[in-house]
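In the UniProt record's numbering, the protein residues as written are 1 to 640.
See below for the structure under consideration.
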């Protein structure tokens, strides 16, 4: 993440990524506690806070999962300490239990739950719209239309939370989280903050047995109605050009596209625009006023018709007969953009949709850029492990093994040449799904899971296999970091979010304690590892709980560490006179550093990409791959 002066003084104008803007706004709001589990597009929020935590005098942690992160931050908030918890949209599913209860019990200090949604599924298995969580939990949802507005609105979210003593969901999206915008800092970060709290033993509030919960629900519903009635004003609801016959209601980033589209059309003055930054619950008074004299209304929002549904309710309750359109013109899948919104407004006006740039000569993009699907990096330890496991499975005569997969870089194992991910649903799902399959199919089952994901959600599934006599191999790929989201530390890294040394929790010891016969391999030693994994598979065939832990540092981090320490990594080359063109190195490994030049029948290694792992040299049947440049005597230190 680029370095940003997150602690700059009031009046400074700095370029902030949306997630950094959220972090700065939270600092100005006086938070003292922040927690998260890393997940794109939310990661940089707590990453930014962790980078300045000691200077800012706050506590920041990467928790083992989103549920734990939520519980920790919520505990601070009920003890009168302002706090923040951040996660990507699917992370809220993990924290849903405590989220629902927090709406009942409320809070004693500002408490903001950041949900970074991912319309378009840039880095996620779904594009769920987490405004629905606000509806079912009765927790207000605040949503910005730009990074600059995210900075301002997160402070308003804390004021809202403290006004009603209630949690607030702050919904960002990928486009907000990862766009940069100049931000003029309005306030200094307070020097004096309340970082030590006091827990009040209010049993009826915090112990949600049914008798207490029923009382607390009445409190929650009262807050819900108050917000709906009292917060229909800027910055949560802003009405531009009131009194027009045509109205557009736009939520969050959709407003940005609407404003630009109307400007391009030259129709800004023809429309009343209702800008919504509090989509849940939608305050009804400004909507009633905007729609009283209107003939037509268009609801523009990303993903689901959350605002549209509420506007229909408001119209029904207030006897408003207006021609309403929404998802009949605005797509309900994927991200909105200027082109899509422009066309939606054109259809709303009853004319042929046309983009504003269509009369212009289209850009000539030939030759077209070839597709570049993501691949595992050169030197990635998962490539070694997948090769080892496939060969060992053949050696142990495991026929047609099913590989259940999980969320991480290793999900790319679904591609050629490995095919070691045949399912991928959610964090920790590989182990639970493997157990279920093992009970109903005859093929052997291997659950593939990463180290951070194992700590996050793999332990309960592993216990379930041991307890319920499941027959599935648990394969943990331990590369020492939460690599997919940018190498954040986890319980197996030995460092906290704030860089402090801590106990390194060994995955193999956890599995052994649960009851698994555990094999630890170094995937850089291919032959030795193949023998170990084959032995593990033989034990598995005997019906014993078996786990394999493959330990080798992420290649990106190994290369980074080598540079920092002045360590030179080895580089390999292919001897063209010894190479037979058998393509074993190409077809079995799929390493981006090994390419076949156009017009050639023999592969070559690109030295600028080679990470020196040596896997290709170990699989070459003709010993045609050799060292081109030796590494430093201590080069292995970078990898382990």
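For every residue, glycine included, the Cβ atom is placed at its ideal position computed from N, Cα and C.
No experiment lies behind these values; they were computed from the predicted model shown.
What does DSSP give as the partner residue(s) for residue i in the beta ladder?
i: residue 89; result: Answer by DSSP bridge pairing: none, since residue 89 is not bridged.
i: residue 454; result: Paired residue(s): none; residue 454 is not in a bridge.
i: residue 168; result: 112
i: residue 34; result: 60 and 84
i: residue 180; result: 17
i: residue 519; result: 548
i: residue 501; result: 495
i: residue 641; result: Since the first residue shown for the chain is 1 and the last is 640, residue 641 is missing from the structure and cannot be characterised.
i: residue 445; result: 402
i: residue 488; result: 482
i: residue 423; result: None, per the DSSP bridge assignment.
i: residue 173; result: 117
i: residue 477; result: 450 and 550
i: residue 251; result: 276
i: residue 141; result: 169 and 280
On a CA-only basis, which of the options is nearest residue i? Give me that one, please.
i: residue 303; options: 99, 280 and 330; result: 330
i: residue 421; options: 447, 443, 439 and 441; result: 447
i: residue 635; options: 569, 93, 7 and 248; result: 569
i: residue 109; options: 147, 40, 121 and 30; result: 30
i: residue 60; options: 384, 602, 497 and 26; result: 497
i: residue 519; options: 495, 545 and 494; result: 545
i: residue 320; options: 401, 335 and 284; result: 284
i: residue 476; options: 514, 458, 489 and 564; result: 458
i: residue 534; options: 473, 562 and 489; result: 473
i: residue 131; options: 155, 418 and 278; result: 278
i: residue 246; options: 273, 147 and 217; result: 273
i: residue 55; options: 606, 565, 424 and 32; result: 32
i: residue 407; options: 400, 417, 424 and 393; result: 424
i: residue 500; options: 22, 50 and 12; result: 50
Confirm, please, whether the CB-CB distance from residue j to residue i is below 9 Å.
i: residue 70; j: residue 95; result: yes
i: residue 548; j: residue 389; result: yes
i: residue 326; j: residue 287; result: no
i: residue 106; j: residue 221; result: no
i: residue 553; j: residue 617; result: no
i: residue 444; j: residue 540; result: yes
i: residue 479; j: residue 381; result: yes
i: residue 526; j: residue 437; result: no
i: residue 300; j: residue 291; result: no
i: residue 307; j: residue 276; result: yes
i: residue 45; j: residue 84; result: yes
i: residue 626; j: residue 585; result: no
i: residue 410; j: residue 350; result: no
i: residue 161; j: residue 168; result: yes
i: residue 68; j: residue 101; result: no
i: residue 19; j: residue 172; result: yes
i: residue 415; j: residue 590; result: yes
i: residue 144; j: residue 16; result: no
i: residue 631; j: residue 567; result: yes
i: residue 264; j: residue 342; result: yes
i: residue 119; j: residue 174; result: yes
i: residue 435; j: residue 465; result: yes
Let me see if you follow: with CB-CB separation under 9 Å, is residue i close to chain D or not?
i: residue 272; result: The structure shown contains no chain D; it is built from a single protein chain.
Please classify residue i: does DSSP put it in a helix, a strand, or coil?
i: residue 240; result: strand
i: residue 70; result: helix
i: residue 636; result: helix
i: residue 403; result: strand
i: residue 48; result: helix
i: residue 550; result: strand
i: residue 270; result: helix
i: residue 641; result: With the chain running from 1 to 640 in the structure shown, residue 641 is simply not present.
i: residue 669; result: In the structure displayed, the chain extends from 1 to 640; residue 669 sits before or after that span and is not available.
i: residue 416; result: coil
i: residue 360; result: Summary for residue 360: the model assigns pLDDT 48, below 50, so the residue's position carries little reliability; its value from the coordinates is reported in the next sentence. DSSP places residue 360 in coil when its eight states are reduced to three.
i: residue 532; result: helix
i: residue 389; result: helix
i: residue 198; result: coil
i: residue 2; result: Residue placement at residue 2 is poorly supported in this model, since its pLDDT is 44, which falls under 50; the coordinates still yield a value, given next. In the structure shown, residue 2 sits in coil (DSSP, three-state: anything other than H, G, I, E or B).
i: residue 375; result: coil
i: residue 246; result: strand
i: residue 233; result: coil
i: residue 135; result: helix
Where are the alpha helix (DSSP H) runs, 4 residues long or more, that stay fully inside the segment 292-355, in chain order? 306-317 and 338-348
Which ranges does the beta strand (DSSP E) cover as unbroken runs of at least 3 residues, wholly within the segment 574-632, from first to last along the chain? 625-629
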